[in-house]
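Participant: Final position of the sequence shown in my numbering is 160; the numbers increase by one with none missing.
Dropping a structure here in structure tokens format, bear with me for questions.
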Amino acid sequence: MRKRSKYRPKGVRLNTLSYVVESMTPVGQCGGALVDMQVKNHSALTELTQGRATKDDISVLIAAVNMTEALCRRVFGQEYNDIIRDGLTALRAVGGRGLASGRYILKAAEMQAMNEVMQLHDAQLEVITIKDMELAIADVYEEVRNKRATPIKETT
């Protein structure tokens, strides 16, 4: 059997100028993208606080908190590491209980931590640019790919 080549061609940007201009645009000025993201995040948080959350809602919250952590590492809110840590701990705890029981129910301290981390996420989204968001998402993917992310379900 013949070895496969490691060469993979890079993607080609058809309009580099619009890419650069879009990268410098704040997320809040992107034609409702900020509102759509906030509605999705807050509806998932509402479902979780009311005890009707599904696995998809938990996935949305995990993505939001992971992005918050990545943005915090990149410059936006380094003084809020304790809020992010508490939010991640609460999300792991409710996720672990939900996987075991099938229902995602928050405790009072976990609800407080999730509300604080979502407020921080909203504040970060109002300040960052599209490029910052792309870099944060790339950081999250890198963490998961290199197995540095802590999974909710611990493998034995």
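The beta-carbon is built from N, C-alpha and C at its ideal position, and this holds for glycine as well.
Give every residue of the same chain whose Cβ lies closer than 7 angstroms to the Cβ of Ser9, excluding the five residues on either side of it in the sequence, and list them in chain order.
Facilitator: Counting only Cβ-Cβ distances below 7 angstroms, and skipping sequence neighbours, we find nothing.
Participant: Would you kindly work out how many angstroms separate the C-alpha atoms of Ile134 and Val24, rounded to a whole number?
Facilitator: Whole-angstrom Cα-Cα distance: 10 angstroms.
Participant: Kindly indicate which three-state DSSP category Thr29 falls into: helix, strand or coil?
Facilitator: In the structure shown, Thr29 sits in coil (DSSP, three-state: anything other than H, G, I, E or B).
Participant: For the structure I just gave you, are there three or more beta carbon pairs, one from the region 108 to 125 and one from the region 82 to 98, closer than 8 angstroms?
Facilitator: At 8 angstroms Cβ cutoff, the stretches touch.
Participant: Which first and last residues belong to the alpha helix (DSSP H) in which Arg107 is found?
Facilitator: Segment: none, Arg107 is in no alpha helix (DSSP H) and carries neither H nor E.
Participant: Spatial neighbours of Arg12 within its chain, please: CB distance less than 7 angstroms, with the 5 preceding and 5 following residues excluded, ordered by chain position.
Facilitator: Cβ within range, chain order: n/a, list empty.
Participant: Distance check for Glu114 and Ala57, CA to CA, integer angstroms please.
Facilitator: Approximately 15 angstroms between the Cα atoms of the pair.
Participant: Leaving out the 5 sequence neighbours to the left and right, which residues in its chain are closer than 6 angstroms to Lys59 when beta-carbon positions are compared?
Facilitator: Closer than 6 angstroms at the Cβ level, and outside the excluded window around Lys59, lies no residue.
Participant: Is the distance from the Cβ of Val31 to the Cβ of Ile132 below 7 angstroms?
Facilitator: Yes, they are a contact pair.
Participant: Measuring only the C-alpha atoms, how far is Val64 from Asn70?
Facilitator: Distance between the alpha carbons of Val64 and Asn70 is about 10 angstroms.
Participant: Could you say which of Gln116, Lys157 and Glu146 lies nearest to Ala94 if we only look at CA atoms?
Facilitator: When each option's Cα is compared against that of Ala94, the closest is Gln116.
Participant: Would you mind reading off the limits of the alpha helix (DSSP H) that contains Ile66?
Facilitator: Ile66 -> alpha helix (DSSP H) spans Lys59 to Arg78.
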